[in-house]
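Peer 1: Next up is a structure, given as structure tokens.
There are 2 protein chains.
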Amino acid sequence: MVGKPALLALDWGSTSLRAFLMDGAGAVLAERASEDGASRITGGAEAFEQALRRVAGEWLQPDLPVWACGMVGSQHGWREAPYAECPVALQELSRGAVRADGSEGLRVRIVPGVCWRSGQDGADVMRGEEIQVAGLLATQLSLAARCRIVLPGTHSKWVEVRDGRILSFRTFMTGELFAVLKQHSVLGRLMASSTTFHAEAFDEGLTRARMAAGRGLSGDLFSTRARVLLGQLQAEHSADYLSGLLVGHELAAALPATDADEPLALIGDPALCARYAHALQAFGRPAAAVAGNTAPQGLWALACA
Amino acid sequence: MVGKPALLALDWGSTSLRAFLMDGAGAVLAERASEDGASRITGGAEAFEQALRRVAGEWLQPDLPVWACGMVGSQHGWREAPYAECPVALQELSRGAVRADGSEGLRVRIVPGVCWRSGQDGADVMRGEEIQVAGLLATQLSLAARCRIVLPGTHSKWVEVRDGRILSFRTFMTGELFAVLKQHSVLGRLMASSTTFHAEAFDEGLTRARMAAGRGLSGDLFSTRARVLLGQLQAEHSADYLSGLLVGHELAAALPATDADEPLALIGDPALCARYAHALQAFGRPAAAVAGNTAPQGLWALACA
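Below you can see the structure in the form of structure tokens.
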């Protein structure tokens, strides 16, 4: 039995736009994607509306609510949705949504990102990940009381959840560091273009980071090159070694801020989550849950709130 | 009184070639430079000889010894001078020099770099910095017994010296991280092209790194962006804030491996050394000595050994 469309949920990040047609029970009826990410759109509100119409087409109906999250709500997005401040209940994100109006009665709710400020040096922001968190909590209710949700990626987020609220979070630039070091640094020069994942090299980097995080990340990175020059590491494995180093330093810095019995959950790309799940296991803190893209469920929860 | 030429010393790195004509007392009589760095030369030994003849010209005389250090001795240099292994007495570098012969009786001694291997995870290499160390120790004898020499730069080196020997060393990719993050990451997008150094922003980054190094570098970098978005940092100061973060994390990781009363010395570009001297002061470990390029003195000491 196929439900009737009740919500159009838009996961609208910097580099892509994903649209999910959902029914009244929160099930995804159909999904479409385009490369019209918010950072690629120039021309203001009209250009955003056109990008939405291109991907959604006949899905757009006068009475169908449209909710969007991600960079579409940034300063340079369709319309800015100012950050909600930690601690924040996920229902509050619903109330913080701003309205972007288009032609022919089109109305889009854009939900806010979340910022964290605490004391002298607390300073962090996210846009989109908070909706992934809302989606996971909506489907795995036991986690809402207390958990740490890890969203690995370009800018990995570690989100502290207590009683259905986001208390704090931290961003680790793991994915972007890997990309810029591979493409633009001396470390990348030795990296052969290998498409096979060398688990052993990844583990070597992971172990090195786990055993001596006090040495600091910038004091560990160069070992990627030195070990190749000294014959301890094969050049074609060095990218996976570097990945292990970076993920390992992220875990070594992030895990001590969690409680030893705090459940950990992963949300994101399956291959990347598998890598993190393996790393968490190696650090003695296996993940309690792993999920793919939970943005549609998050927007659905907010639209119902 | 001007001495007679007794040595032609070549500081031949990846991107530049610097030639120093020196007398028998170790004084520099004249200096020339070119952009014929070792990584820019293709065509093998002959091309290296031509680059040397272009910069040295009439300085080259049948009886004048020529000594070179740096990437000219790497696998892709004029001729490979295999790494000497820690612990290494600086006089041993002299014995490890290899000979590159050119036309018309030209002979060049190329000194080895140094590698450090220790236990499971010790792995580091340098080429050129060990000669800077030799040069400093030749001119500041009191440091030879015990000191830590810091060579800030693209790949900062922290070199542990005991009884005139290099015991160990560590590389921090601070300078290259700054460059790739500024030019290629999301952090650089907010950085205005400002030529003025904002000491206060640098200090903010430094303090953040000093107070909470346990958070890890990759967990601190994103604050450069978040603080701008949250109005805590001006975009045009964010490059200097990032510089402070990176230098601070280097110091926070490197200083605990030193003894509290171990003298620290800086060698390198004066502006960069001034920044590091300021940072060391903030960490309560002021530098005991600061020097510019000491490569010619180092090569002179080795040629005499």
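Note that the protein sequences, when read in sequence, are chains A and E.
With positions in the first sequence counted from 1, the corresponding number in this note's numbering is that position plus 1146.
With positions in the second sequence counted from 1, the corresponding number in this note's numbering is that position plus 1146.
Ideal Cβ positions, reconstructed from N, Cα and C, are used throughout, including at glycine.
(1) Applying the criterion that 16 or more other CB atoms from any shown protein chain within 10 Å of the CB defines a buried residue, is E/His1383 buried or exposed?
(2) If you draw a straight line from the C-alpha of E/Glu1350 to the C-alpha of E/Gly1362, how long is it?
(3) Where do the ends of the beta strand (DSSP E) carrying E/Met1272 lie?
(4) Can you pull out the residues from the stretch 1264-1276 of chain E whose beta carbon lies closer than 7 Å to at least one beta carbon of chain A?
(5) Could you tell me whether the Cβ of A/Cys1261 comes closer than 7 Å to any Cβ of chain E?
(6) Under 8 Å Cβ to Cβ from A/Ala1179, same chain only, skipping five residues before and after it: list those, please.
(7) State the DSSP-derived secondary structure class of E/Arg1294, mapped to helix, strand or coil.
(8) Which residue from A/Glu1306, A/Leu1297, A/Ala1345 puts its Cα closest to that of A/Pro1416?
(9) Measure the alpha-carbon distance for A/Glu1408 versus A/Leu1352 and round it to whole angstroms.
(10) By how many angstroms is the C-alpha of A/Arg1316 removed from the C-alpha of A/Ala1403?
(11) Rounded to the nearest angstrom, how far is the Cβ of E/Trp1205 from that of E/Leu1167, given a contact under 8 Å?
(12) Give me, in chain order, the residues of the same chain whose beta-carbon lies closer than 8 Å to that of E/Thr1367; leave out the 5 immediate sequence neighbours on both sides.
(13) Taking CB distances under 7 Å as the criterion, tell me whether A/Leu1412 reaches chain E.
(14) Got a sec: which bits of the stretch 1293-1320 of chain A sit with their beta carbon under 7 Å from any beta carbon on chain E, in order along the chain?
(15) What residues from the stretch 1230-1252 of chain E come within 9 Å of chain A, judged by C-beta to C-beta, listed N to C?
(16) Counting only Cβ pairs nearer than 9 Å, list the residues of chain A close to E/Ala1358.
(17) Curious, which full-length alpha helix (DSSP H) runs of at least 4 residues does the stretch 1176-1247 of chain A contain?
(18) Which residues in the same chain have their Cβ closer than 6 Å to the Cβ of E/Gly1242, if we skip the five residues on either side of it in sequence?
(19) With a threshold of 7 Å between beta carbons, is E/Ala1347 in contact with chain A?
(20) Reducing DSSP to helix, strand and coil, say where E/Phe1368 ends up.
(21) Using a Cβ-Cβ distance under 7 Å, would E/Val1326 count as near chain A?
(22) The stretch 1375-1399 of chain E: which residues have C-beta closer than 9 Å to a C-beta of chain A, in chain order?
(23) Go ahead and label E/Leu1153 buried or exposed: buried means 16 or more other beta carbons lie within 10 angstroms of its beta carbon, across all protein chains shown.
(24) List, in order along the chain, the chain A residues whose C-beta lies closer than 7 Å to that of E/Leu1323?
(25) Measuring CA to CA, which of E/Ala1451, E/Leu1418, E/Leu1412, E/Gly1444 is closest to E/Ala1434?
(26) Work out the CA separation of E/Gly1216 and E/Phe1194 for me, nearest whole Å.
(27) According to the neighbour-count rule (16 or more other Cβ atoms, all chains shown, within 10 Å of its Cβ), is E/Leu1287 buried or exposed?
(28) For A/Ser1331, which residues in chain E fall below 7 Å Cβ to Cβ?
(29) Who does A/Ala1437 pair with in a DSSP beta bridge?
(30) How should E/Ser1240 be labelled, buried or exposed, when 16 other C-beta atoms within 10 angstroms of its C-beta is the threshold for buried?
(31) Against chain E, which members of the stretch 1190-1208 of chain A pass a CB distance test of less than 8 Å?
(32) Applying the criterion that 16 or more other CB atoms from any shown protein chain within 10 Å of the CB defines a buried residue, is E/Arg1354 buried or exposed?
(33) Taking the Cβ atom as the reference point for each residue, do A/Cys1293 and A/Val1279 lie within a distance shorter than 7 Å?
(34) Exposed or buried, what is A/Gln1221 when buried is set at 16 or more other beta-carbons lying within 10 Å of its beta-carbon?
(35) Could you spell out the range, first to last residue, of the alpha helix (DSSP H) harbouring E/Ser1314?
(36) Give me the chain E residues within the contact set of A/Phe1368, using Cβ-Cβ distance strictly less than 8 Å, ordered along the chain.
Peer 2: In short:
(1) buried
(2) 16 Å
(3) 1270-1272
(4) Asp1267, Ala1269, Asp1270, Val1271
(5) yes
(6) Ser1162, Leu1163, Arg1164, Ala1165, Val1201
(7) strand
(8) A/Leu1297
(9) 22 Å
(10) 10 Å
(11) 5 Å
(12) Inspection of the sequence shows that residue 1367 of chain E is occupied by Leu rather than by Thr. Result list for E/Leu1367: Leu1327, Leu1333, Leu1388, Leu1391, in chain order.
(13) no
(14) His1301, Arg1316, Thr1317, Phe1318, Met1319, Thr1320
(15) none
(16) Asp1267
(17) 1190-1202, 1236-1241
(18) Ala1230, Pro1258
(19) no
(20) coil
(21) yes
(22) Leu1375, Leu1376, Gln1378, Leu1379, Leu1392, His1395, Glu1396, Ala1398, Ala1399
(23) buried
(24) Ser1364
(25) E/Leu1412
(26) 13 Å
(27) exposed
(28) Glu1322, Val1326
(29) A/Ile1413
(30) buried
(31) none
(32) buried
(33) no
(34) exposed
(35) Segment 1311-1318 is the beta strand (DSSP E) holding E/Ser1314; no alpha helix (DSSP H) there.
(36) Asp1270, His1301, Thr1317, Phe1318, Met1319
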